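According to our numbering, the sequence shown is numbered sequentially starting from 71. Where a beta carbon is used, it is the ideal one built from N, C-alpha and C, also for glycine. Because the structure is a prediction, the values reported are computed rather than measured. Below is one structure, written out as C-alpha cells; the observations come after it.
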Amino acid sequence: MHILPQLRKLQEKYSDGFHIIGIHSAKFLAESFTNNVIQATQRYRINYPVINDNNHEIWKYYGIKAWPTTLIIDAEGSTHSYIEGEISFEELEQKILEVSSHFPDNKLIERQISNTYDTKISEHACENLCFPGNITSDSISQRLFIADSNNNRILVTSLEGKITDQIGMKRSGFLDGDINEALFNNPQGIANHKNVLFVADTGNHAIRKIDLKTKQVSTMWYSKNSQTSPWDLAYEDGILYIAMAGVHQIWDMNILDNNILALAGSGNEGLLDGDPKTACLAQPSGLDVNRGHIYFVDSETSSVRSLNLNGDQKVHTLIGTGLFEYGDLDAIGTEAKLQHPMGIEIYKGNIYVADTYNNKIKVLSLDKVEVSTLAGDGKPRLLDGLNSHSSFYEPSGLTAINNKIYIADTNNHAIRIIDLDIGEVETLELI
Numbered sequence: 071m072h073i074l075p076q077l078r079k080l081q082e083k084y085s086d087g088f089h090i091i092g093i094h095s096a097k098f099l100a101e102s103f104t105n106n107v108i109q110a111t112q113r114y115r116i117n118y119p120v121i122n123d124n125n126h127e128i129w130k131y132y133g134i135k136a137w138p139t140t141l142i143i144d145a146e147g148s149t150h151s152y153i154e155g156e157i158s159f160e161e162l163e164q165k166i167l168e169v170s171s172h173f174p175d176n177k178l179i180e181r182q183i184s185n186t187y188d189t190k191i192s193e194h195a196c197e198n199l200c201f202p203g204n205i206t207s208d209s210i211s212q213r214l215f216i217a218d219s220n221n222n223r224i225l226v227t228s229l230e231g232k233i234t235d236q237i238g239m240k241r242s243g244f245l246d247g248d249i250n251e252a253l254f255n256n257p258q259g260i261a262n263h264k265n266v267l268f269v270a271d272t273g274n275h276a277i278r279k280i281d282l283k284t285k286q287v288s289t290m291w292y293s294k295n296s297q298t299s300p301w302d303l304a305y306e307d308g309i310l311y312i313a314m315a316g317v318h319q320i321w322d323m324n325i326l327d328n329n330i331l332a333l334a335g336s337g338n339e340g341l342l343d344g345d346p347k348t349a350c351l352a353q354p355s356g357l358d359v360n361r362g363h364i365y366f367v368d369s370e371t372s373s374v375r376s377l378n379l380n381g382d383q384k385v386h387t388l389i390g391t392g393l394f395e396y397g398d399l400d401a402i403g404t405e406a407k408l409q410h411p412m413g414i415e416i417y418k419g420n421i422y423v424a425d426t427y428n429n430k431i432k433v434l435s436l437d438k439v440e441v442s443t444l445a446g447d448g449k450p451r452l453l454d455g456l457n458s459h460s461s462f463y464e465p466s467g468l469t470a471i472n473n474k475i476y477i478a479d480t481n482n483h484a485i486r487i488i489d490l491d492i493g494e495v496e497t498l499e500l501i
C-alpha cells in the first residue's frame, strides 16, 4: 500500500489524459472476493477503477511476478515501463513524462474510463467508527482506547462505551498540539502507560504521544522513509516495542530519550527463525509483550511468532510455515493454519489472535501450542450471540480486560465484546 500516496499525488498533478487503473491479483483467498475488494478500496480511499483479477488472468498476461508491480502503458496499449517493488514519486513521475513526450503537445491521449461501483463509504456505516484498526485498555482506569483509523482519531471510552475524549479532528494530517487540534493519518496500534498513550500513526510513519493529563499531542519519532508503516505497539518497563510492518521488523524505543533501534528482522520478507539480526519477518502487524517475551503476528506468513528477550534471545515460530501457506485449521503447532492475522493479545496464559481474513478470533494455549476457534463462524457479517454462532468481518486489534475480549471489528465499523465467562459476543454501543 506504500504506492497509494504516490498515485494520489500523480492524480492531483496530472488530470489531462492520465489515468490509473488498479489490478487486484489476490494472494490470499479472502482477497479474491469482490465484496472484500470493495471494502479495501473504501478503506484506503481509492477513487480510480480497480479490476478484481481473481483468476490471475491479467497477472499472467503481463508476466507479473511480484506485488506491487507498476506498468506504464500508453493509449495505444504499448507497455513503456515494468517496475517491480516500491517506487518513489519522482521516479514514477519521470517515467510518465517520458511516455507523454511521445504524443502531440506532450499530452497523453484521452480515453474514457469509469468505475462500475461506488467506492465512497456510506455516512451511516461510519456514523461512529470508520474501519477501526486497533484497541487497547487500561485495567486501572477501566477505560478503552480505540484507533478510529479512517476517522483519523483516537477515542477514549468507558468499558460501557461512553466517549470521554476524542483526540484528533477526523481529517488526515500531521500536527501536534491540543487534542482537539492535533491531526493523525490512519492511526493503528495504541499502547498505554499511566496517563500516556503511545500511537502508531501509520500513515505519517510516526510514533505519537498523547498526554491525557495535559491534553497535548507530541511526536516522539517519525521517519522520512515512507515505507516504515508502524502498525502496532506494546509497552513494558520503559520500552516501547513497535511492529514496523513496512520494513518487516520489530523495533524498540526507550521512552526516556526516544532512542529507537531495530530489534529483530533483517528487513527481508520471509519466515526464518534464529538470530534476531538475520531472522526474516513478513509484515508484523500486531504484537504484545509479557515478562520479557514478545509475541507477534506476521500477517504475510499467517504466523504467530515470538522473541525471547531474556533467554536465548532468538526468534521462534509457533504457528505458520511460509509466505504462501495459510488456511483455517485448528490444530497443534505448525499444523494449525491462519489467514493473515493482524491482532494479538496475551491474557491469563493464553494468546488471543485476530485471524483477520478468516473472520474469527482464535486462542492459542502457550502450554500445548494448540490453536482453537474462540468465536466467529467465518462469515463476513455482524452477528451477535453465542461464540460459535457469532460473525465478524476482518477483525484486527483486540484487548483483554475483566475476562472480556474487546475487538476492533474493522470492516463492521464496530467494537465487539467476547464474554469469556458466558461464551457470548455482543456489540459495544458508543454513546
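- Query: Per DSSP, Lys430 forms a beta bridge with which residues?
  - Reply: Working through the sequence shown from its first residue, we reach residue 430 at position 360. Paired residues: Asp425.
* **Residue from Asn125, Ile90 and Leu99 with nearest C-alpha to Ile116** => Position 46 of the sequence shown, counted from the start, is the residue given in the question as residue 116. Nearest C-alpha to Ile116: Ile90.
Quickly, what does DSSP pair Cys350 with across the bridge? List them, please. Counted from its first residue, the sequence shown places residue 350 at position 280. Residue pairing by DSSP places Cys350 opposite Leu342 in a beta bridge.
**Prompt:** The beta strand (DSSP E) spanning Ser373 covers which residue range?
**Reply:** Here residue 373 refers to the residue found at position 303 when the sequence shown is read from its first residue. It spans Ser373 to Asn378 - the beta strand (DSSP E) in which Ser373 sits, taken as one unbroken run.
Item to check | Coarse secondary structure for Gln212, derived from DSSP in three states | outcome: Reading the sequence shown from its first residue, position 142 is the one you call residue 212. Note: Gln212 maps to coil in three-state DSSP.
Checklist entry - How many Å lie between Tyr131 and Ala96 at the Cα? => result Taking the sequence shown and counting its residues from 1, one reaches residue 131 at position 61. Taking the sequence shown and counting its residues from 1, one reaches residue 96 at position 26. Computed Cα separation, rounded: 15 Å.
Can you tell me whether Ile320 is buried or exposed, with buried defined as 16 or more other CB within 10 angstroms of its CB? Start at 1 with the first residue of the sequence shown, and residue 320 comes out as number 250. Ile320 counts as buried, since at least 16 other C-beta atoms from the protein chains shown sit within 10 angstroms of its C-beta.
*Tell me, which residues are paired with Lys407 by DSSP?*
Taking the sequence shown and counting its residues from 1, one reaches residue 407 at position 337. Per the DSSP secondary-structure output, Lys407 pairs in a beta bridge with Leu399.
>> Using only the alpha-carbon positions, how far apart do Tyr292 and Arg278 sit?
In response: For the purposes of this step, residue 292 is taken as the residue at position 222 of the sequence shown. For the purposes of this step, residue 278 is taken as the residue at position 208 of the sequence shown. Looking at the two C-alpha atoms, the distance is approximately 8 Å.
key: Every unbroken beta strand (DSSP E) inside the segment 147-174 [3 residues or more]   = The qualifying runs are 149-154.
Since Ala315 sits in a beta bridge, which residues does DSSP pair it with? Translated into positions along the sequence shown, residue 315 becomes position 245. Looking at the DSSP output, Ala315 sits in no beta bridge, so it has no partner there.
message: Contact between the segment 323-333 and the segment 349-362 is defined here as three or more beta-carbon pairs at a separation below 8 Å; is this criterion met?
response: No, they do not touch.
Margin query: I believe Phe215 touches Asn262 by the beta-carbon criterion, under 8 Å. Please report the beta-carbon distance rounded to the nearest angstrom.
Written below: Working through the sequence shown from its first residue, we reach residue 215 at position 145. Working through the sequence shown from its first residue, we reach residue 262 at position 192. Indeed they touch by this definition, with Cβ atoms about 6 Å apart.
Can you tell me whether Tyr311 is buried or exposed, with buried defined as 16 or more other CB within 10 angstroms of its CB?
Counting from 1 along the sequence shown, the entry for residue 311 is found at position 241. Buried: at least 16 other Cβ atoms inside 10 Å.
| query | Where do the ends of the beta strand (DSSP E) carrying Asn106 lie? | reply | Taking the first residue of the sequence shown as position 1, residue 106 is located at position 36. Element bounds for Asn106: not the beta strand (DSSP E) but the alpha helix (DSSP H), Thr104 to Arg113.
Taking only the alpha-carbon atoms, compute the straight-line gap between Asp437 and Ser336 and give it to the nearest angstrom. Taking the first residue of the sequence shown as position 1, residue 437 is located at position 367. Taking the first residue of the sequence shown as position 1, residue 336 is located at position 266. Distance from the CA atom of Asp437 to the CA atom of Ser336, rounded to whole angstroms, is 29 Å.
Following the continuous beta strand (DSSP E) through Ile237, name the residue where it begins and the one where it ends. Within the sequence shown, numbered from 1, the residue matching residue 237 stands at position 167. Ile233 to Ile237 is the extent of the beta strand (DSSP E) around Ile237.
Glu82, enclosing alpha helix (DSSP H) - first and last residue = Here the question's residue 82 lines up with position 12 in the sequence shown. That run of the alpha helix (DSSP H) goes Leu74 to Lys83.
- Query: Measuring CB to CB, does Leu452 end up less than 8 Å from Ser461?
  - Reply: On the sequence shown, residue 452 is found 382 positions in, with the first residue counted as 1. On the sequence shown, residue 461 is found 391 positions in, with the first residue counted as 1. Leu452 places its beta carbon less than 8 Å from that of Ser461.
key: Cβ neighbours of Asp398 in the same chain (closer than 8 Å, five flanking residues each side left out)   = Here residue 398 refers to the residue found at position 328 of the sequence shown. In chain order, Lys407, Leu408, Gln409, Asp425, Asn428, Lys430 and Gly448 place their CB closer than 8 Å to the CB of Asp398, counting only its own chain and leaving out the 5 sequence neighbours on each side.
**OP:** Report, in whole angstroms, the separation of the C-beta atoms of Asn204 and Ser435, which I expect to be a contact under 8 Å.
**Re:** The count along the sequence shown starts at 1 and reaches residue 204 at position 134. The count along the sequence shown starts at 1 and reaches residue 435 at position 365. In this structure Asn204 does not touch Ser435 by the C-beta definition: roughly 24 Å separates them, more than the 8 Å allowed.
query = Going by DSSP, what residues sit across from Tyr292 in a beta bridge?
reply = Position 222 of the sequence shown, counting from 1, holds the residue named residue 292. BP columns for Tyr292 point to Ala276.
Q) Just checking my contact of Leu74 with Tyr114 at CB under 8 Å: how many whole Å lie between their CB atoms? A) As a first step, residue 74 is located in the sequence shown; it is residue number 4 there, counting from the start. As a first step, residue 114 is located in the sequence shown; it is residue number 44 there, counting from the start. Confirmed, Cβ separation roughly 6 Å.
Quick one: what's got a C-beta closer than 7 Å to Asp454's C-beta in the same chain, skipping five residues either side?
By 1-based counting over the sequence shown, the position of residue 454 is 384. The answer, listed in chain order, is Ser460, Val495, Glu496 and Thr497.
Review point. What do you get for Thr272, buried or exposed, if any count of 16 or more other CB atoms within 10 angstroms of its CB means buried?
Key: Locating residue 272 in the sequence shown gives position 202, counting from the first residue. By the Cβ neighbour-count rule, Thr272 is buried, with 16 or more other Cβ atoms within 10 Å of its own.
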